[in-house]
Amino acid sequence: MNKSWLYVGLTSLFELFWIFGFNHAAVWWHWLIVVGLIIVDFQFLYKACEGLPTGTVYAVFAGIGTVGTALMDVFLFGGSFNGGKLLFIFIVVVGVISLNIADLKDEQKREAVE
2 MNKSWLYVGL TSLFELFWIF GFNHAAVWWH WLIVVGLIIV DFQFLYKACE
52 GLPTGTVYAV FAGIGTVGTA LMDVFLFGGS FNGGKLLFIF IVVVGVISLN
102 IADLKDEQKR EAVE
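See the structure below:
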């Protein structure tokens with residue numbers, strides 16, 4: 002597995018950590034932790050972009066963040082879950098997977114030309 006994908010996973014996970022922190026930060030030192038998580042998150046994002054196309058990294062990062070935040074809202078913060086939310090989560094996941102497949106095909110075409 003490409004090490005850059007590990008960084009994509011870590012940046013996506015840390016994004017969910019600092020989003021969770023936004024919901025629970027109550028005093029100044031909580032906010033320091035949130036800012037620290039954001040800094041670490043963007044370091045992982047930077048490292049992921051060194052080895053993968055930026056569009057792919059951002060699509061996966063944003064997709065996991067979007068789906069993860071929606072699920073955190075339901076399971077951790079008492080939000081509602083309905084068919085519409087499920088449908089749009091499915092659309093986000095299909096979009097991210099499709100974009101990755103398209104990028105892979107583009108990369109394979111470029112390698113065949115070289």
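When we follow my numbering, the leftmost residue of the sequence shown carries the number 2, and every step to the right adds one.
Each residue gets a CB set at the ideal place from its N, CA and C atoms; glycine is no exception.
Quick caveat, the model's predicted, so the values are computed rather than measured.
Measure from the alpha carbon of ASP107 to the alpha carbon of each residue in PHE18, ASN24, GLY56 and LYS48, then state which is nearest.
If you number the sequence shown from 1, residue 107 lands on position 106. The residue with the shortest Cα to Cα distance from ASP107 is GLY56.
Classify VAL94 as helix, strand or coil using the three-state DSSP reduction.
As a working note, residue 94 is residue 93 in the sequence shown. In the structure shown, VAL94 sits in a helix (DSSP, three-state: H, G or I).
With distances taken from CA atoms, which of ILE102, GLY84, VAL114 and ARG111 is nearest VAL61?
To locate residue 61, count along the sequence shown from 1; it is residue 60. Of the candidates ILE102, GLY84, VAL114 and ARG111, the one whose C-alpha sits nearest the C-alpha of VAL61 is ILE102.
Quick check for students: name the residue ranges of the alpha helix (DSSP H) that lie wholly in the stretch 16-68, counting only runs of 4 or more.
29-52
Suppose you measure from the CA of GLU112 to the CA of SER13; what does that come to, to the nearest Å?
As a position in the sequence shown, residue 112 is number 111, starting the count at 1. As a position in the sequence shown, residue 13 is number 12, starting the count at 1. So the two alpha carbons sit approximately 29 Å from each other.
Counting pairs of beta carbons, one from the stretch 2-22 and one from the stretch 65-75, are three or more of them closer than 8 Å?
yes
For GLU51, which option in GLY79, VAL93, VAL35 and TYR8 has the closest C-alpha, if you only look at C-alpha atoms?
Locating residue 51 in the sequence shown gives position 50, counting from the first residue. If we check each option's Cα against that of GLU51, TYR8 comes out closest.
Under 6 Å Cβ to Cβ from MET2, same chain only, skipping five residues before and after it: list those, please.
By one-based count along the sequence shown, residue 2 stands at place 1. Legend: pLDDT at MET2 = 49, less than 50; position of this residue unreliable, value from coordinates given subsequently. Excluding sequence neighbours, MET2 sits near nothing in its chain.
Between TYR47, VAL35, TRP30 and GLN109, which has its C-alpha nearest LEU11's C-alpha?
Indexing the sequence shown from 1 puts residue 11 at position 10. Cα-wise, what sits closest to LEU11 is TYR47.
Excluding the 5 residues preceding and the 5 following SER81 in the sequence, name in chain order all residues of the same chain whose CB lies nearer than 6 Å to its CB.
Numbered from 1 along the sequence shown, position 80 holds the residue referred to as residue 81. Closer than 6 Å at the Cβ level, and outside the excluded window around SER81, lies no residue.
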